[in-house]
Structure formats: C-alpha cells, structure tokens
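Sequence order for the protein chains is A, B and C. Heads up: the first sequence is residues 1 to 362, going by the working numbering. Heads up: the second sequence is residues 1001 to 1494, going by the working numbering. Heads up: the third sequence is residues 2001 to 2394, going by the working numbering. Notes follow the structure.
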Amino acid sequence: MRIMISRFQFYLLTINFIIGTTPFVMLQGLIAIGKQDAWIWPILTGGAGVLAGLFWLLLFRHYPGRSLVQIPLEAMGRFPGAIVSFLFFVYFCNLSGWILRNLSDFLNGTIMPATPAIVFHITFLLVVCYTVAQGAECVVRLNQIVTPLLFFPFWVVFLLATVNWNWERFEPVLYLNPVVFFRHPAFLGFPFLETISLTMLFPHVQKGPARPFLLGILTASVSLSILVFVIIGLLGAERASQLTYPVYTAIQEVAIGEALVNIHSVISVILLVLIFIKLLVLVYSASETLQQVVRPRTRWPHFLSLMILLTAIAHSMYENPVQNAQWSEEYSICYNAFFTIAIPALLLAVTWIKRAYQKRQN
Amino acid sequence: MAHSRKDKQHTLISRDLVRDIVSALGSPPDLFCRNLYVPDTEELALQCVYLESMIDKKTVDEYILKSYMDSSFTEGKAPHSEDAENFWRERSFAEPYDSLKEQAIQALIEGQCMLIDYLKERLCFVNIMLPKDRPIDEPKSESTIRGPHEGFTENILINSGLIRKRIRNPNLRFEPMVIGNQSKTAVYLVYMQNLAPDVLVRQMRSRLAAIQTDSVLDSAYLEEFLQDRIWSPFPTLANTERPDSAAAHLLDGKVAVLVDGTPGVLIAPITFFEFFTSPEDYYQRADIATFIRWLRLISFFTAVFVPSLYVAATTFHQELIPTQLLISLSAQREGVPLPVLVEVLIMEIMFEIIREAGLRMPRAVGQALSIVGAIVLGQAAVEAGLISASIVIVVAVTGITNFVVPVYSFGMSQRLLRFSFLIIGGFLGLFGILCGALLLLAHLVSLKSFGVPYMAPVAPAQGKDWKDVLVRVPRPYLRPRGLPSVIERLKRKH
Amino acid sequence: MTLRHAASLLILLAAVPLLSSCWDKTEMNQLALVSMVGVDSDTGKGTIKTYYQIINPLSGSSTIKVPGGEQAPVYTYEMEAKSFGEIRSLIYRKLPRKLFIAHYKVLLVSERTARQGIRDYANFIEMQPSGRSSIPMLVVDGPLEPVMKTFTPLERVPSDSIQARLDQLFQNSLFSERNIKITDVIERMQQSRSIVLPVLTRTDDARFSNSGEVFSDIDAEKGGFIISGGAVFQNYRMTGRLNDEQLIWYHLLEGDRGRHVRQFEVEGKPVTLEFHLNKIRRKPSFQSGRPVIRISMDIELSAAYATEYVPKSRGEVDKLEREVSRAIEDECLKLFELSREREWDLLGIKYLLHRKTPDHPNIEDAEKNAKVSIRVNARLKKLGSLQQPYGGTG
C-alpha cells in the first residue's frame, strides 16, 4: 500500500525535527559567542540550511520517487552503492546515539539524577521502534497530533515567564559584527545539515517535497531565533552564556501564582517530545536504509539489533560533556559536511558523468 | 401399482412420521401432536404437530384447527397462497419419506406448524412463529434525556423494522447471512446503497463470510472476528442498542450488522473521536453539546492519567506540588506503611472489585454494599492509617470520570490503560508517563477501522470534519448534503 | 532456544529497567522540606556555616493530632564545612531526611559573609539543578544564629513571614523592590552594577525558640526582626549600607512602582502625601566630553492621607506640586552625591552608558565625571473622602 504523506504533515515534521535537540544543546554556546545579538544567528544559518536543501533537491530531481539510500544503488551500481548507503546508515545511527545521549544527560542532570542512563535509552528506544515499525504514516500522524500539544504549553509558559522580561538586556542592539559567528562554524552545521535524514521521506510526500521542506527550514530557523530571543530577554546574555540548560533555568523561574512554583519538570518532559520526534525520523531513516538495501523478510530482528546498537553508541559516544563540547566546536562541521555535502556532491557528479556519457553514446 | 405405493407411503407416514420426528428431536416436552378424526370414524383426518414454545397457540386453536373442523379445508377451499414459501408450504405424500422427515424436523425447529393432511395426502407447513420477545424498551446503558426512547430487542425482524421506519428509503439494503455452524444465527448486513462506499461493503461482506465458528450468541462474538486488530485495547467497531443511533450511522455511509438474539448492533467504521459523541449531543443545543463533549474528553484524560500523575508527582517530582499541599500530604503520609504506588494500586483494585460486586448484587443487599464500600474502605482505612486520605479522593475521582464516556466498551479500555500508566508512572515518573503516552498515541495513530484511520479527522487532518469533533456545530452549518470525509476518501479508493 | 525461553528472557530483561528506574523515587515523608537557608562564615577557622530551617509537617492543624502538645512548625539544623558542596554529604550526619530545597522561600546571609563576598554561594546555587535561584536574598545585621532560631508570631513558618512582608512592602512602599532575588544579584554583578538588598535587624535581644511561648504571647515585638535599611553590593561584596530614607529614593530612581506614603514639607507646613512613579526616562548625552544624564520622572500624588492640609485651589495645587517635585529632586540628588562619594554607582550610570554608547573609549572615567540632572513632574491626581480636614480651635 502506498504511503501518503501530505505536504502540511511533512512541513510540521521538518520544523519539529530541526528544533529537536537544539534547545538543549546549542543555546548556551551560541549566546556565549553572540551575547545579546545571538538571536540573529539562527536566521542566517536557516539561509544556509535552505541552500543545502536546494542542493539536495537538485540531486533528487534526477531520481524522482527515490529515497536517499536508493540513489547510490541506482547511480553507482549495487555493490559500491551499498557501501555509500551503508555510510549513510552509519551517519544516521551516530546521530541517533548522540541524541539519546543528549536525552539521558539532560534528564540525569536535571530532574532524575539517580536513574542509570541506559534505562532512558531503552525505554525511549522501545517506543521509537514501535512507532517506526508501524510505518512512515504513523510517524507523521503522530507528529501532527503532538505538535499543538507541544506548541501551546511551551509558549504559554514563556508568556508566563515574561514577568521577568527586561528589554534592557538586548541593548546595545545589533552591536555585534556577524563575522564573529563565522569563526565558529559548528553552529552552521547543527542542526540544519542533519535534515538530510528527512530526505528519506521525500518519495512519499504528495505533490512534491520541495516546498514544505524549504518552508519548514525557514519556519524552524525563525522559531529558533525567537527562542534565543526569548531566552536572552528572560535570562540576560551574562547568565545564559554560562548555564548548561538555559531553557530549563528560564522555566524554573516561572511561577503560576503563588502555588505552582516549580513547573519545570512538566515542561522539560514536554520538550522531550521534540527529542522523540527527531529520534523517530533518524531511526526511521536508519531502519529504512536497512530495509531498502538488504530487503529482509522479517523486520523485527533488525529493530532489536538496531536498539542494541543505538544503546551502545549512546553509551560510548563521549566520555564527558567537556570532550563533547570541544569535539563539537572543532570537528562537527567537517563530520556533518562529509555526509551531507561531500557524498551528495559525489553522487551528483557521478550522475552527471553518467548522463553525459549516455548522451554521447546516443 | 402406483396405487399400492401411494398406500404404502400413506401408511408409512401415518404410522412412522410423528414417531420418527419425536425420536429425532429427543422427545422434547414441548412437542405436541393434535389429532383430528373424520367424524364418526377412526380414520385420521389431520395431525397437527408443533413445538409449543415456538408458535402462537392461539392461531393453532382458533384458526387452523377451527377452520379444519369447520370443514373449509376438506372442501377444497384451503387457503392457497402463491408466494407462500414463508407462510404455507405444501409437500405431497409422493415425495420420498426421508426428505419429508428432514423438512418436517427443520420446519418444526424453525417454529412452523406441521399439518399432515391425510385426506388430501399432503404435508403442510404453516409459519405461525411467535417467539417470546420482551417489549421495546429504552436501553439501560444508552439512555438520553431528550430523544427517542426506543431500543433494539432480541428479534432481528423487529430490529429491522425499527431501522426501516426511520429510513424510509428504498436504498436501504438488508443482506441476510447465516453464521455459526451449530447455532445457525441469522445475521443481516445493513447499509445504504447510494451512500456507503463499495469497498467498505465488500470488505465487511468478505469478513463476515470468512467467519468460522460454532456459535454466535451476541454481536460481540462477531466483533472479535471483524475487528482490525486483536491485541489492542481500543474497539474498532461501535456497538449500539439505539435505533436512532444506528440510523444516523447508516445515513453517514457506514454499515451495520444486526445479529438475531441480541439487541446490540455493530457499526463500522468508527474513529476514536466518535466514541466521545452520543446521540444526546444532537438532541441538545449546540453550545451545551460542545461543552459536554469537552467534558468527556477531559474525563477520558482524567480517568486514564490522574492516578499515574498523582503517583509520579508525589514520588518523583515533589517540587510540582504547591508547598502547602506538600506539607499536608507529607503529614498525611506519616505512619502509613506502604509506598504511594502500592497504596494507589490497592485502592484501585478494591474499587474495581466493588464495582464488579455491585453489578451482581441483588438490590436488597446493594445498600449494605455501598455502606461497606464507602465507610469501611474509605473512612476507616484512612483512620486506621492504612492509606492516606488524598488517595481516596484520587481513586473516587478516577472512578467517576470513568463512566462519563458514552460507550461502555471504551470505558473498559480506559481501565486497562489506567493500570498500565499507573505501573509505568510509579516506576519511571513523568518520563515514564510521557513514554507511555507516546506509545499509546503511536498505537492509536496506526490503528485502522476498515480502512479508515482511527484518529481521523485530527491526523491525517481533514479540516471539514473538525466541525464535529471538538465542537458540535449547529445543524444548519453541518454538511447539509454529504458524508464525513473519511467515508468520501474510502469511496475514492476502489 | 525455543520461543518460550526467548520470551521469558525478554520479559526478565524488560523488568530490569523498570526496577532500576526507581532509584529516583522518594516518598514524601522522607523529604526534609527546607523553608529558609542561612549562610554564615567563620573567618577564624576558614569554614562556612549553613543553617537549614526544615518544616515540620506534623504541626499543621489539618493533620492527625500527635499526643504531647504543640509541635514546632520548623526545626533549624546547622552544618559547618569547608565548601558548600561538602555540606551535601555532611548534613546527613544530623538530618534524618533527604534535603529538599525546591520549596525554600528566603535566603539569609550574615553581614560578615556579605562583606567577604557571596560569589561562591551564588555559583553554588546556580550550579545545582534542583536549587531555584529566583529567591529573595536578605542580609542579616549582626549574628545569624539568633535569627535562624526564632519564631515569628502570626505566620507559623518564619520564611513565610519574611516573604509576605517583602510582598506587602513592595506594593505599599518604596522600601523594597522585586529585584532582590539571587538571579538579579548574579545578573547585576556580572554586568558590573550594584544592587541593594534588604537588611534584617533584630528588634529584641530576647530569643524565642519555643513556639508555644511565641504563639500564645500578645506582644508581637518580642524576639522578632524587622526589615529595615539596605545593603549595597558591588562585585559580590557588601560595600555599604543605606538607611530607610535613602532606600526610598534609591528605589524611586530604580523605577520601582510602589505607592509610598511620606510626610513632605510644603511652605513650612507638613503634608502627608502618597506618591508613586508613573514613568521614568534616562537619557545620556555628552557636553564637552562629559556625560550628562538627564533623568525625568512623572510622579502621581494622592492626598488621601493628608490630614494636615488639603489644597483648595488650583494655585495651591500648583504650589504643592512644585514644592513636592523640588523636594524629591533634592533628595534624589543627595542620594546621587552619596553614591558618587562612596563610588557605589547606585544610579547605574555605567550600565546606561554601556548600553547606549557602547563605543565610548573609557566608560569608567566617564562615569566618574558624569553629571546628573533630575527633573520631577509631580501631579496631584486623587483626594480622600474629605474635601477639607475638619478644622477647629482645639
């Protein structure tokens, strides 16, 4: 049965995927560099993300109706293509493991310190694998239902927090030279280059994925920009640049009347849904890669082994957050660019060469 | 020669038929055989055999036998109906004995009266079945304040009549089937020819035809075969005992299954949000109906999540609780031996036990039970220090909100879900509840009811139908001529 | 391995995460609900002393009655250690329950600790994921221990009493403002500004550590403490004090909107007026290289409490307004002079220059040379129920 994803569903999925783990991971570093003008940066990277998206769409135009891992199989033949697809599989698995590790770090660092991380990994993975096993339609429909439940509490809480708002925290406005951002390219790559995993869903989007995809990237960058803006307005650049989880701290200071003074657990749990959706898309991409390259008859052994693999990756991803921060700062752009720019460029080059060769033959 | 064979048949029938029938049916106590003799002779003129529990005895006495005794039959003025297979069937003595015996037994079981007419040498079967039915009454589990108070009964013909009188449209189709190898129950598949999608009717027909079972005593038996997924706590077919509800569904392009012997009618396809509607919504004003619908949705969430949220908040995330409340809850827990999760589990199970006992309690003892339940389990347990007072409130609130959902089978699903969430919330806190909720949502979203996504029209989003989901838009604004878009979509799929 | 073995193994494996996930579980009555925290330092030994005031849940009126008389609403535990983090392990030598600081309401700091610096403590609070830093911080005049071990009348829990008082002060006077939380302290210190925190002073040398005595005595003065005056903090250290009068003008210049009632002198006659700030504007400009800060304030007056004198005509109203404006301007300038003299920068001039003219080469020096001109525009808007106070000869 053909899977059909509507354009609006794909648009929502793109937005939620990009916002994903960004509130947990990127904000502190960004504000440390940009200070009170850091809110401009996500819009700029959004532009770069759109360029990357256009680049991928160019590749996909040569292979209509195919997903990302089917392109190498077609372009380069069965065996070399399988190796390239396997590279993508490794990329998706690494990203998933990373996200799981971010999740358990966040939960261990804030609301549930004593629980071993592997419990979070396994429980989350069980739910993710169940959802992915039901198919892509289940993934996008789940996202569609969950988006309003996510959207309203999150922004309502920030509205409640505006008691602490202070416009002075933004002054002097637009003082910073944007060039300073380009010295930290790590923020260029994350999170927009990871959207290549959404291209696995391209063949199922009705009436073409280009418009919802690009619109989604733009909307997500604007949302992230607004989020950074709100964090600066609530906490101020000085504090936000030192705190590990500025969003969590901003919510900790929200009080509804005199009675409910500590609603941060509820809101952090709601934010986990964003992580869930990002993980959904990545695990879907990973399992679809296996499905399309290997074409198994029964799928549950794949899911079980994928769960074990991802748990192991999450556990061994990095030893401590300091190492993670340093690695991200120095190498993440190369890592992301290899999989999301270099390999598609290679595929595109191969495709053009093949076309030129065929045209010459005719 | 022929004459002698006829005579032999005659003697065979007169001697053996009734005896064979009695032995084949195992000498039932309700089998009666009335003999009428030719006046002033010993010759048998008519034997009237029937099962008294199935037929209308008045008709036998006053119409059949009287007419016979008035000799209207013997004078060849017997009622002769052309169409007759249902009311009056005739079989000549010339047919083979065994076939006559088989037909006789089957006819008697179906509630027909057998007349062995020796003078005209024929066997007549008269359909005078009058099954003992209860009168048309309002269904107890689906009563409304305003609106029709009729409910289906156990007779499939009466049920069909109740539907027919509401939809006086020649497009209303009834397809009869017999399901159940031993019970041979009559089942009707009902749909509107011009409204229901073909693919839906075909699918229902094929699923019904594929059922292999011995007995069908209730529509629930069929439901277990027809449902899309067995291992799911959510029903994918609706069950209703109200003819107006069934008619409304039929007019929406859905199919219904009537089962003889039970007032429950199955409706397919059904979506999650339709379980929160009741016919009462359409008999009250739109704004009140909207408010009550929201109340039902909130009750669903309360019934499923409140105990687990309470346990998660009090054991993992105490900072959520306002300070004053936390102090008094702490004080209540001093001296209570069990952890909160165990307390809540015990109270919930006690509540379920009380509920089950209450279903079967005779009315006289019911009073004592409510006293025992309320006072002993509630008050005394708290005062003895076995549980804390807030738990009684939590369990009571949960129990009451459980019944707000109009459909009873959905209430059952809520109970199952509540316990699962309780366990997972008690072990993993809010994170566990989140994972459970996502799992539940993933399950709901992947469920399909006869090709219709279970969570439509929320996901996949179909804007036109939102008018009937969370709000009940006044009738003039609802689709005046058209079907729900899920049905439209099914129609487009061929 | 048969399917049955695999299934049972899977169930066992599934049980393991469930079991280990309860390591975060705590029953409610295993928690020690902290309501107030006090920080003191002992310079002699180089250690710090922390006081935790724990709420006793059994002392409320809605609970099961415990035989043996009235229970204390709070208990104070003290702990000494070399750094704040160490206390977390040391405290359980005395405290039988798990420390739960998510609901604490007030943080008290002794004056000597404030003078040494509170940077360590601010960092400690921000580092804890469970510790909220949006809590008011007060400085205690004198030793901390008597304040931590005293009961207050009317409010059973002392931190409730302090917090309620701060709220009332904020609305009904200019003696306190909202921005006295630890978050504000950190933000301002990081911006190199100054902040003024309220000071708690004891009214009585007697100490009431028996709750029964306090709650059954009519004299609310005994053993209590009063919020009076302000402690000036710069760079996480207390560098001075303001008295109540100076505190009023400091808060006014900060932009606080509380309604304050004060007796002014108009033409030699005393008048009690209520005033509050409507709008304040601060504009920096440069005159021959010297920054001039123009502060203009719109103030609303109310004569609802003016039992001495109510203006009868427009002329009198104008005169009243002019006199009051001038009085306020004078007081604010006096505060500015004091702030310049002690180098406190209470008006936040450096921060203002940094925001508005960030490209200035030397903001420090500019701030030292800054001139401030204050313009107050007071308007009488409301009167009381009496048109004129009752006169008479007596």
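Beta carbons: idealized from backbone N, C-alpha and C, even for Gly. Computed from a prediction, not measured in an experiment: that's the story for all the values here.
Quick check: is the beta carbon of A/T115 nearer than 9 Å to any beta carbon in chain C? On the first sequence, residue 115 of chain A is found 115 positions in, with the first residue counted as 1. Yes, contact with chain C.
Collapsed DSSP secondary structure at B/S1081 in the structure displayed: If you number the second sequence from 1, residue 1081 of chain B lands on position 81. Low confidence applies here, because B/S1081 scores a pLDDT of 48, under 50, leaving its location unreliable; read the following figure in that light. Residue state, collapsed to three classes: coil.
Taking Cβ-Cβ distances shorter than 9 Å, what residues in chain C pair up with B/T1315? Walking along the second sequence from the start, residue 1315 of chain B turns up at place 315. In chain order: C2022, D2024, K2025, T2026, E2027 and M2028.
In terms of residue numbering, what span does the beta strand (DSSP E) encompassing B/I1116 cover? Translated into positions along the second sequence, residue 1116 of chain B becomes position 116. Residues Q1112 to D1117.
Does C/S2211 come within less than 9 Å of chain B when only Cβ atoms are used? Position 211 of the third sequence, counted from the start, is the residue given in the question as residue 2211 of chain C. C/S2211 does not count as touching chain B.
CA-to-CA distance, C/L2154 to A/Q9, given in whole angstroms: In the first sequence, counting from the first residue as 1, residue 9 of chain A sits at position 9. In the third sequence, counting from the first residue as 1, residue 2154 of chain C sits at position 154. Roughly 58 Å separates the two Cα atoms.
Measure the Cβ-Cβ separation of B/L1434 and A/V132 and say whether it is below 9 Å. In the second sequence, the residue the question calls residue 1434 of chain B occupies position 434. In the first sequence, the residue the question calls residue 132 of chain A occupies position 132. No.
Interface residues of chain A around C/P2017 at Cβ under 8 Å? On the third sequence, residue 2017 of chain C is found 17 positions in, with the first residue counted as 1. Ordered by position in chain A, the residues that pass the 8 Å Cβ test against C/P2017 are I118, V119, I122 and T123.
Mind checking the segment 174-201 of chain A against chain C and listing, in chain order, the residues whose C-beta falls within less than 7 Å of any C-beta there? Y175
Tell me the residue span of the alpha helix (DSSP H) that contains C/R2004. The residue you call residue 2004 of chain C lines up with position 4 of the third sequence. Per DSSP, C/R2004 belongs to the alpha helix (DSSP H) from L2003 to S2020.
Host alpha helix (DSSP H) of B/R1489 (start-end): As a first step, residue 1489 of chain B is located in the second sequence; it is residue number 489 there, counting from the start. That run of the alpha helix (DSSP H) goes S1485 to R1492.
Per DSSP, what kind of secondary structure is C/T2063 in: helix, strand or coil? For this step, residue 2063 of chain C is matched to residue 63 along the third sequence. Confidence at C/T2063 is low in this model, with a pLDDT of 47, below 50, so the placement of that residue should be treated as unreliable; the coordinate-derived value is given next. It is coil, neither helix nor strand.
Could you check the C-alpha separation between A/G216 and A/S85 for me, to the nearest Å? On the first sequence, position 216 is the one that residue 216 of chain A refers to. On the first sequence, position 85 is the one that residue 85 of chain A refers to. Rounded to the nearest angstrom, the two C-alpha atoms are 26 Å apart.
Taking B/S1420 as the query, report the chain A residues whose CB atoms sit under 8 Å from its CB, ordered along the chain. Translated into positions along the second sequence, residue 1420 of chain B becomes position 420. None at all; the shortest Cβ gap to chain A is about 13 Å.
Where does A/T45 land, buried or exposed, given buried means 16+ other C-beta within 10 angstroms? Residue numbering aside, residue 45 of chain A sits at position 45 when the first sequence is read from its first letter. It is buried - the Cβ of A/T45 has at least 16 other Cβ atoms within 10 Å.
Compare the C-beta of A/Q242 with all C-beta atoms of chain C and state if any pair is closer than 9 Å. Here the question's residue 242 of chain A lines up with position 242 in the first sequence. It does: the Cβ of A/Q242 has a partner Cβ on chain C nearer than 9 Å.
With DSSP run on the structure shown, which of helix, strand or coil describes B/P1135? Taking the second sequence and counting its residues from 1, one reaches residue 1135 of chain B at position 135. Coil at B/P1135, not helix or strand.
Along chain C, in chain order, which residues have C-beta atoms closer than 8 Å to that of B/I1327? Start at 1 with the first residue of the second sequence, and residue 1327 of chain B comes out as number 327. L2033, I2055, P2057 and G2060, listed in chain order.
If we count Cβ pairs, one from each stretch, closer than 8 Å, do we get three or more for the segment 1127-1140 of chain B versus the segment 1105-1112 of chain B? yes
For a contact meaning CB atoms closer than 9 Å, what does B/L1439 contact in chain A? Stepping through the second sequence from its first residue, residue 1439 of chain B is reached at position 439. Those within 9 Å of B/L1439 in chain A are L126, V127, Y130 and T131.
Tell me the start and end of each unbroken alpha helix (DSSP H) in the segment 233-288 of chain A that is at least 4 residues and wholly inside, in chain order. 237-240 and 246-252
Mind checking which residues open and close the beta strand (DSSP E) that includes A/I11? On the first sequence, residue 11 of chain A is found 11 positions in, with the first residue counted as 1. It is worth fixing the name first, because residue 11 of chain A is Tyr in this sequence and not Ile. That residue, A/Y11, is in no beta strand (DSSP E); its alpha helix (DSSP H) goes R7 to I19.
Closest by CA to A/L279, which one among A/L58, A/L103, A/A38 and A/S67? Here residue 279 of chain A refers to the residue found at position 279 when the first sequence is read from its first residue. That would be A/L103, whose Cα lies nearest to the Cα of A/L279.
With a threshold of 9 Å between beta carbons, is B/A1456 in contact with chain C? Position 456 of the second sequence, counted from the start, is the residue given in the question as residue 1456 of chain B. For B/A1456, the answer is no, since every Cβ of chain C falls outside 9 Å of its Cβ.
Report the rounded CA-to-CA distance for B/G1432 versus A/T147, giving the unit in angstroms. Within the second sequence, numbered from 1, the residue matching residue 1432 of chain B stands at position 432. Within the first sequence, numbered from 1, the residue matching residue 147 of chain A stands at position 147. Each residue's alpha carbon lies about 20 Å from the other.
Does any C-beta atom of chain C lie closer than 9 Å to the C-beta of B/S1330? Locating residue 1330 of chain B in the second sequence gives position 330, where the first residue counts as 1. Yes, its Cβ sits closer than 9 Å to a Cβ of chain C.
If we require 4 or more residues per run, which alpha helix (DSSP H) segments fall completely within the segment 106-158 of chain A? 117-134
Among B/R1164, B/K1058, B/K1057 and B/E1043, whose alpha-carbon lies nearest the alpha-carbon of B/T1119? Taking the second sequence and counting its residues from 1, the one referred to as residue 1119 of chain B is at position 119. For the record, residue 1119 of chain B in the displayed sequence is Leu; it is not Thr. That would be B/E1043, whose Cα lies nearest to the Cα of B/L1119.
Quick one: any contact between the segment 1176-1190 of chain B and the segment 1254-1272 of chain B, if contact means 3 or more CB pairs under 8 Å? yes
Hey, quick one: how far does the alpha helix (DSSP H) through A/R61 stretch, first residue to last? Looking up residue 61 of chain A in the first sequence gives position 61. From DSSP, the alpha helix (DSSP H) with A/R61 extends over W41 to R61.
Look at the Cβ atom of C/I2048, then the Cβ atom of C/A2072, and state whether they are nearer than 9 Å. Here residue 2048 of chain C refers to the residue found at position 48 of the third sequence. Here residue 2072 of chain C refers to the residue found at position 72 of the third sequence. It is not a contact, given that the beta carbons lie outside the stated cut-off.
Distance CB(A/F88)-CB(A/L57) smaller than 9 Å: In the first sequence, the residue the question calls residue 88 of chain A occupies position 88. In the first sequence, the residue the question calls residue 57 of chain A occupies position 57. No.
Would you kindly report the start and end of the unbroken beta strand (DSSP E) that includes C/K2283? Taking the first residue of the third sequence as 1, we reach residue 2283 of chain C at position 283. Unbroken beta strand (DSSP E) run through C/K2283: K2269 to Q2287.
By the criterion of Cβ-Cβ separation under 7 Å, what are the contact partners of A/G233 in chain C? Sequence index remark: in the first sequence, residue 233 of chain A carries index 233 (1-based). None at all; the shortest Cβ gap to chain C is about 12 Å.
Tell me the DSSP secondary structure of A/P23 in three-state form. As a first step, residue 23 of chain A is located in the first sequence; it is residue number 23 there, counting from the start. Three-state result, A/P23: helix.
Classify C/E2148 as buried or exposed, calling it buried when 16 or more other Cβ atoms lie within 10 Å of its own Cβ. Mapped onto the third sequence, residue 2148 of chain C falls at position 148. First, the amino acid is wrong: residue 2148 of chain C is Met here, not Glu. Buried.
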